[in-house]
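Protein chains in written order, with full-length UniProt numbering: chain W, 1 to 306; chain G, 1 to 285.
Ideal Cβ placement from N, Cα and C applies to all residues, glycine included.
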Amino acid sequence: MTADVVETVPVPRRRRTRLLPYLLSLPALIVCIGILVPFVTAIYYSLLRYRLNMPMMKGFIWFQNYIGFASDPEFWNTVRVSLLYTALTVGVEVLLGLAIAVLLQRQTRFNNLASVLLLLPLMTAPALAALMWKLMTNPGFGILSYLLQLLGITNFKWASDPSSALFTVVLVDVWVYTPFIMILLLAGLRSLPRQPFEAAALDGVPRRFVFFRITLPMLAPYLMTAALFRLLDSIQQFDIIYSMTQGGPGNTLLVFQVRAYLDFYQYTNVAKSAALLMILWAITYILSNIFVKQHLKLRERARGLA
Amino acid sequence: MEHTSTLEKALRGTLITLILVFFLFPILWIFLMSFQTNEDILRIPPSPFFTPTLSNYQALITGKLVSTAGTLDIAFMRNLWNSVLLSGVSVAVALVLGVPAAYAFARYKFPLSEDIAFTLLSFRFAPPLLVLLPLTLYYQQIGLTDTYVGLIWVYQLIALPLILWIVRGYFEDISPDIESAYRIAGHSWLKTFARIAVPLAGPGIAAAGLLAFIFCWNNFVFALVLASAEKQPVTVGSLAFVTASGIQYGQIAAAIVLSITPTLAIALWAQRYLVEGLSLGAVKG
Numbered sequence: 001m002t003a004d005v006v007e008t009v010p011v012p013r014r015r016r017t018r019l020l021p022y023l024l025s026l027p028a029l030i031v032c033i034g035i036l037v038p039f040v041t042a043i044y045y046s047l048l049r050y051r052l053n054m055p056m057m058k059g060f061i062w063f064q065n066y067i068g069f070a071s072d073p074e075f076w077n078t079v080r081v082s083l084l085y086t087a088l089t090v091g092v093e094v095l096l097g098l099a100i101a102v103l104l105q106r107q108t109r110f111n112n113l114a115s116v117l118l119l120l121p122l123m124t125a126p127a128l129a130a131l132m133w134k135l136m137t138n139p140g141f142g143i144l145s146y147l148l149q150l151l152g153i154t155n156f157k158w159a160s161d162p163s164s165a166l167f168t169v170v171l172v173d174v175w176v177y178t179p180f181i182m183i184l185l186l187a188g189l190r191s192l193p194r195q196p197f198e199a200a201a202l203d204g205v206p207r208r209f210v211f212f213r214i215t216l217p218m219l220a221p222y223l224m225t226a227a228l229f230r231l232l233d234s235i236q237q238f239d240i241i242y243s244m245t246q247g248g249p250g251n252t253l254l255v256f257q258v259r260a261y262l263d264f265y266q267y268t269n270v271a272k273s274a275a276l277l278m279i280l281w282a283i284t285y286i287l288s289n290i291f292v293k294q295h296l297k298l299r300e301r302a303r304g305l306a
Numbered sequence: 001m002e003h004t005s006t007l008e009k010a011l012r013g014t015l016i017t018l019i020l021v022f023f024l025f026p027i028l029w030i031f032l033m034s035f036q037t038n039e040d041i042l043r044i045p046p047s048p049f050f051t052p053t054l055s056n057y058q059a060l061i062t063g064k065l066v067s068t069a070g071t072l073d074i075a076f077m078r079n080l081w082n083s084v085l086l087s088g089v090s091v092a093v094a095l096v097l098g099v100p101a102a103y104a105f106a107r108y109k110f111p112l113s114e115d116i117a118f119t120l121l122s123f124r125f126a127p128p129l130l131v132l133l134p135l136t137l138y139y140q141q142i143g144l145t146d147t148y149v150g151l152i153w154v155y156q157l158i159a160l161p162l163i164l165w166i167v168r169g170y171f172e173d174i175s176p177d178i179e180s181a182y183r184i185a186g187h188s189w190l191k192t193f194a195r196i197a198v199p200l201a202g203p204g205i206a207a208a209g210l211l212a213f214i215f216c217w218n219n220f221v222f223a224l225v226l227a228s229a230e231k232q233p234v235t236v237g238s239l240a241f242v243t244a245s246g247i248q249y250g251q252i253a254a255a256i257v258l259s260i261t262p263t264l265a266i267a268l269w270a271q272r273y274l275v276e277g278l279s280l281g282a283v284k285g
C-alpha cells in the first residue's frame with residue numbers, strides 16, 4: 001500500500017481531503033449496492049415456496065427447498081454435469097494454453113503474429129461462437145460432420161446426441177477460452193526473471209528439469225490466476241450451453257445456470273431457481289477461496305525462487 | 001536455445017500450425033459461408049470454391065430477408081446499434097465511476113476501504129442469474145424492464161469491477177512522489193488527478209476500458225433475461241434470428257461475421273494495451 005497522501009502533503013483544505021476518498025468511491029458503491037438488493041432478495045426467495053403461476057401458495061418454508069434437493073436425482077445430475085464440465089474445460093484449457101504459451105514464448109515476428117491471431121476466438125462472443133459451431137456440426141451440410149465422414153465416422157451427432165453433447169460443448173468452450181489462458185501465461189512467461197535460467201544453462205541442467213523445477217514453479221501464480229478466472233466462468237457457464245443445446249438433449253447438459261433459467265421461465269418456480277443459484281454461489285465461493293489461498297502460497301514460493 | 005535441432009524445429013512448426021488451424025479454421029469457414037448462397041452452403045460435399053455473393057450482407061443491412069417463404073423483416077442493424085449503445089455507454093459510465101474510485105482505493109487508506117474494494121470485486125463471483133432473476137421481478141415493478149437505463153445499470157456488473165481492479169493496480173504502480181511534488185507547487189487536488197495521475201495511468205485505463213467493452217459486447221445472459229427484441233444486442237438478436245429464418249444459413253453466417261467485426265477491430269487495434277494491461281495490473285496485483 002502506498003503512503004498516506006493526506007498525512008504527507010501539507011494541503012490547505014484538510015477537511016475536504018479527508019472526505020475525498022469517500023466522495024470518490026461513493027458513486028461506484030451506490031451503483032453496486034443497487035445490484036446488491038436483488039442478491040439479498042434471491043437469498044430470501046430461496047427460503048420461500050414461490051411459484052409465479054401460483055401466487056396464493058407463496059409462503060416461508062425455511063430450508064425446505066434445499067433439503068428437497070438432497071433426494072432429487074435431477075439436482076445431483078446438475079451437480080455432476082456442472083463439475084464435470086468445469087473439470088474438463090479448465091483442465092484441457094490450462095494444459096493446452098500452457099503448451100501454446102511455451103511454444104510461442106520466444107519473441108519472434110511469427111510468434112507475436114500467431115499470438116494475436118489466436119486471440120480471435122476470445123473476441124467472438126461465446127453465444128455466437130456456439131452458433132458458429134452449430135452450423136459447422138450440422139449433420140446435413142456442416143463441414144466438420146463432412147470431414148468426420150471422410151474419416152469413416154458417419155454416426156457422430158455432436159451436440160444432438162446425449163453421448164457426444166458434453167464433448168461438443170467442452171470443445172466449443174476450449175476453442176473460445178484457451179486463448180485467454182494462453183495470453184495470461186505468455187505475459188507471465190515473458191516477464192519471468194532471466195537469472196535462474198541463465199544459471200541453469202551455465203550448469204548444463206537438462207531442459208526438462210529446468211521446465212519442471214524452475215519455469216513451472218515460477219509460473220504457478222499466473223497459472224492459478226488464469227485457472228481461477230476460468231473456473232469461476234466455467235462452473236457458471238450459460239452462454240455456450242444455452243445457445244448450443246438449451247441444456248439438452250434430454251437433461252444431459254442441464255448445468256446450474258441453465259437449469260435455474262429453465263426453472264424460472266419454463267416452470268415459473270422462483271424459489272427453486274433461487275435455491276439452485278444460492279448453492280452455485282456457495283460452491284463458487286468455496287472454490288475461489290481455496291484458489292486464492294493456494295495462489296498466495298504459490299506467489300510466496302515463486303518470489304523465493306526469483 | 002542453442003541446442004534446437006532441425007527435428008525439434010520441425011516439430012514446433014507442425015504443432016503451431018495445427019494449433020492455428022484449430023483456432024482459426026472455424027472463423028475462416030464462417031467467413032466463407034457468409035459470401036455463399038444457400039445452394040452453395042447445402043452442397044455435398046462442402047467445398048471452399050464458390051462464386052462470392054454479397055446478398056447475405058445486403059439482406060442484413062436492408063433488414064429484408066427474402067426466402068422462398070416470403071419476405072421477413074429483421075432488426076439486425078438495430079441489434080448491432082443496441083450493442084454499440086449498451087457497451088459504449090456502460091463502459092463510459094464505468095470509467096467515470098470506476099477511475100476515481102480506483103484512485104481512492106490506491107492512494108488513500110480509509111476505514112473499510114479494503115472491504116468496499118473486495119465487495120466490488122466479489123460481484124465477479126456471483127452467478128449472473130442469481131442477481132438477474134430477482135431483478136426481473138423488481139424491474140417489472142419499477143418500470144425498468146426493457147429500458148436502456150435498466151440494462152446499462154446491470155452491465156455495470158461486468159464493467160465496473162474490471163475497471164476498478166485493473167486501474168487500481170496501475171495507480172498503485174505510480175509513485176505518489178510525483179503527485180506530491182505537483183501539489184506542493186500549489187495545484188489543487190483535482191488538477192493533480194486530471195493532469196498527473198490519469199495521464200500516467202493512461203495505458204491501464206485504456207486496457208481496462210477495452211477489456212470491459214469486449215466483455216460487455218460479448219455478454220448474452222443479461223440481455224436475454226432483461227430485454228425484448230427492441231433493445232436486444234446482437235448476441236441475443238442473432239440467436240432469435242436463427243429460429244425466425246432457420247434455413248438462410250448464409251445470412252446467419254453473415255450476421256455472425258458482422259457482429260464480431262467491431263469487437264475484433266477494437267481488440268486487434270488494442271492488442272498491445274491488452275497484454276501490457278494484463279501483465280501489469282491484474283496478474284502482478
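DSSP-derived helix/strand/coil call for residue i
i: Asp73/G; result: strand
i: Asn269/W; result: strand
i: Arg106/W; result: coil
i: Tyr108/G; result: coil
i: Asp4/W; result: Its pLDDT being 47, under 50, Asp4/W is placed unreliably in this model, and the value from its coordinates should be taken loosely. Three-state result, Asp4/W: coil.
i: Pro45/G; result: coil
i: Leu65/G; result: strand
i: Arg49/W; result: strand
i: Lys58/W; result: strand
i: Gly98/G; result: helix
Close-in-space but distant-in-sequence residues of the same chain around residue i (CB under 7 Å, 5 per side omitted)
i: Pro121/W; result: Ala129, Trp175, Val176 and Pro179
i: Ala260/W; result: Ser273, Leu276 and Leu277
Chain B residues whose Cβ lies nearer than 8 Å to that of residue i
i: Gly237/G; result: Going by chain labels, chain B is absent from the structure shown, which instead holds the protein chains W and G.
CA-to-CA distance, residue j to residue i, given in whole angstroms
i: Ala275/W; j: Ala42/W; result: 8 Å
i: Ala92/G; j: Arg18/W; result: 27 Å
i: Leu129/G; j: Val234/G; result: 20 Å
i: Gly34/W; j: Gly88/G; result: 21 Å
i: Phe222/G; j: Gln257/W; result: 13 Å
i: Leu26/W; j: Thr37/G; result: 55 Å
i: Tyr155/G; j: Ile142/G; result: 18 Å
i: Met123/W; j: Asn218/G; result: 8 Å
i: Ala117/G; j: Ser228/G; result: 34 Å
i: Phe291/W; j: Ala220/W; result: 12 Å
i: Trp165/G; j: Ala70/W; result: 38 Å
i: Leu11/G; j: Pro206/W; result: 19 Å
i: Tyr50/W; j: Phe141/W; result: 45 Å
i: Asp72/W; j: Ile279/W; result: 14 Å
Burial state of residue i, where buried means 16 or more other Cβ atoms lie within 10 Å
i: Glu172/G; result: buried
i: Val94/W; result: buried
i: Thr51/G; result: exposed
i: Val21/G; result: exposed
i: Thr168/W; result: buried
i: Ile181/W; result: buried
i: Thr78/W; result: buried
i: Glu74/W; result: exposed
i: Gly59/W; result: exposed
Closer than 8 Å to chain G by CB, residue i
i: Asp203/W; result: no
i: Val116/W; result: yes
i: Trp281/W; result: yes
i: Thr41/W; result: yes
i: Leu119/W; result: yes
i: Pro179/W; result: yes
i: Met132/W; result: yes
i: Pro38/W; result: yes
i: Ile143/W; result: yes
i: Ile100/W; result: yes
i: Gly34/W; result: yes
i: Leu262/W; result: no
Contacts around residue i, its chain only, beta-carbon distance under 6 Å, and the 5 residues preceding and following it disregarded
i: Leu119/W; result: Pro179
i: Val92/W; result: Val174
Contact test: residue i Cβ vs the ligand ADP heavy atom, cutoff 7 Å
i: Ala117/G; result: As presented, the structure is devoid of all ligands, the ligand ADP included, so that no description of it is given.
Interface flag, residue i vs chain W, CB-CB below 8 Å
i: Trp165/G; result: no
i: Trp217/G; result: yes
i: Ala104/G; result: yes
i: Gly98/G; result: yes
i: Ala267/G; result: yes
Residues near residue i by beta carbon distance below 8 Å, same chain, minus five either side
i: Asp239/W; result: Ala125, Pro126, Ala127 and Ala130
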